[in-house]
Amino acid sequence: MFDNEVASQIFVPFHEYRRPMQVERLFQGSSELVVEVGSGQGEFLVQQALERPQCRYIGIEMDWGRVRKICQRVARLEERERKNAVDRIRIFHVDAWIFFERMCAPRTLDELVCLFPCPWPKDRHEHHRLFSNEFLRVLNSRLKEGKALTVVTDHLPYAQWIEEQARAADTGFDLKLEETGSRFDTKFERKWRAAGQDVFYRMEFTKARNVDMPLKEDISLKAYYHQKFEPERFVLTDESAGQAVIFKDFLYDPRQKKGVVQVVVSEPHLTQHVFIGIVSTEKGWCVLKMGGQQVVPSDGVARAIELVSRAVEQSGRGGL
Ligand SMILES: C[S@@+](CC[C@H](N)C(=O)[O-])C[C@H]1O[C@@H](n2cnc3c(N)ncnc32)[C@H](O)[C@@H]1O
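This note's numbering puts the first residue of the sequence shown at 895, with every later residue one more than the last.
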């Protein structure tokens, strides 16, 4: 069962929402703001929101199936608790990097928590690990002075890796690492407990100094116009310096005089599939990001549109 009423109240449609996040528009009141990274099925998020009426909770989760489960969990609460949870929980279906770099203003959070982050145990997957030095610096900048981030992992090598990351360059945190027992009753804690593990690793990062990491702002994406376009002479070349722009496909409909280019744009912590249109208009051939896509307007997307525009111009001059 998917309760649309509960979902419409607690789920924040990230791409339609103004950035940076305006907390006063998300919730009533001005109580402490806690963010949980990777909320999974929401056991901890919902239980904490009910137990700590002095706090408002934001859950960040990039798996849609789990976002649904969090909404279902809230919908199943008895009426009084449900109202309480609906007033004080919001869920973002988004990658944590996007949330913290682009959505969450500096010095706005009272508490951060992440339970059992994906450990990526194989060496070749290490670059997928979330709690890198750079990520810790971004988290520091989003916390208020003296506030803390707690990370609990089942995987000692990941805890040790995070400790190394915290030492690699100043993250502005004082760090305490200790063993802990099972106490959160989340899906992943239950999984490890069932496999016989009863010691976990708790890392508490207290903000001792501020690290300045400004918000990444959205770019306003330009549309380009050209008098000529020759689809059969249209050649796109991938770019891999700085942000990578990889061209995947080009479709052209001569009856509608309309082309679509599919690209993958890879920037630090952000990979997006983008459709760029080449459309005949009264002002000429227009190159622009097509509507109806959930795309973060970034430098890389602006660059991809510019590259398509150049290729359109080149085609009109007789090709490369
Ligand atoms: C191992 S699970 C733990 C879930 C939950 N905390 C628990 O204890 O059951 C890690 C969760 O983090 C989410 N996740 C991983 N990387 C993420 C990211 N970059 N942004 C948001 N969520 C992420 C995954 O989708 C997954 O639900």
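Each residue gets a CB set at the ideal place from its N, CA and C atoms; glycine is no exception.
Source: prediction; values computed, not measured.
Beta-bridge partners of residue i, as assigned by DSSP
i: G1095; result: Contrary to the premise, residue 1095 reads as Tyr rather than Gly in this sequence. Paired residues: T1047, E1073.
i: L1009; result: V1046
i: E930; result: G953, V1007
i: V906; result: F986
i: L1109; result: DSSP output for L1109 lists no bridge partner at all.
i: V1173; result: K1152, C1180
i: F1067; result: K1101
i: Q1166; result: V1159
i: L1037; result: L1003
Close-in-space but distant-in-sequence residues of the same chain around residue i (CB under 8 Å, 5 per side omitted)
i: A1198; result: V1139, V1157, V1159, V1168, I1170
i: F921; result: R950, D981, R982, R984
i: M895; result: Model confidence at M895 stands at a pLDDT of 49, short of 50, so the residue's coordinates are unreliable and nothing is read from them.
i: I1113; result: P1191, S1192, D1193, V1195, A1196
i: K1081; result: G934, Q935, E937
i: A1062; result: N1027
Any non-hydrogen atom of ligand 1 closer than 6 Å to residue i Cβ
i: T1080; result: yes
i: C965; result: no
i: E1005; result: no
i: M1107; result: no
i: A1088; result: no
i: R960; result: yes
i: E972; result: no
i: F1010; result: yes
i: E1020; result: no
i: G932; result: yes
i: E1058; result: no
i: D1092; result: no
i: D957; result: yes
i: D1048; result: no
i: A943; result: no
i: A1053; result: no
i: D1068; result: no
i: A990; result: yes
Own chain residues within Cβ distance below 6 Å of residue i, not counting five before or after
i: A865; result: Missing from the structure shown is residue 865; the chain here goes from 895 to 1214 and no further.
i: L1024; result: P1011
i: A990; result: V931, I954
i: Y1119; result: K1177, G1178, C1180
i: V1093; result: E1073
i: M1107; result: R1031, V1032, S1035
i: R996; result: R913, K1110
i: D1143; result: Q1156
i: R974; result: none
i: A1117; result: C1180, L1182
i: L863; result: Absent from the model: residue 863. The displayed extent of the chain is 895 to 1214, so no value can be given.
i: H1022; result: W1014
i: L1003; result: L927, V929, R1036, L1037
i: L1043; result: L1006, L1033, F1099
Other residues of its chain near residue i: CB distance less than 7 Å, five sequence neighbours each side excluded
i: E910; result: none
i: V968; result: V900, I904, V940, R976, A979, V980, I983
i: V1045; result: C1008, P1011, F1025, I1056, M1097
i: A1053; result: T1047, L1071, Y1095, M1097
i: F994; result: V1032, L1033, R1036
i: L944; result: E975, N978, A979
i: I992; result: L1164, V1190
i: V988; result: F908, I954, M956
i: V917; result: L927, T1002
i: Q1091; result: D1048
Any chain C beta carbon closer than 7 Å to residue i
i: D1064; result: Looking at the structure shown, chain C is missing, and only one protein chain is on hand.
Proximity test, residue i beta-carbon vs ligand 3 heavy atom, cut-off 6 Å
i: I954; result: Here the bound small molecules are ligand 1; ligand 3 is not part of this structure.
List in chain order: all unbroken beta strand (DSSP E) runs of 3+ residues lying wholly within the stretch 966-1026. Uninterrupted beta strand (DSSP E) stretches at least 3 residues long and entirely within the stretch 966-1026 occur at 983-986, 1003-1009, given in chain order.
Kindly provide the ranges of any alpha helix (DSSP H) runs that are 4 or more residues long and lie completely inside the stretch 1116-1162, ordered along the chain. You should have found no qualifying run.
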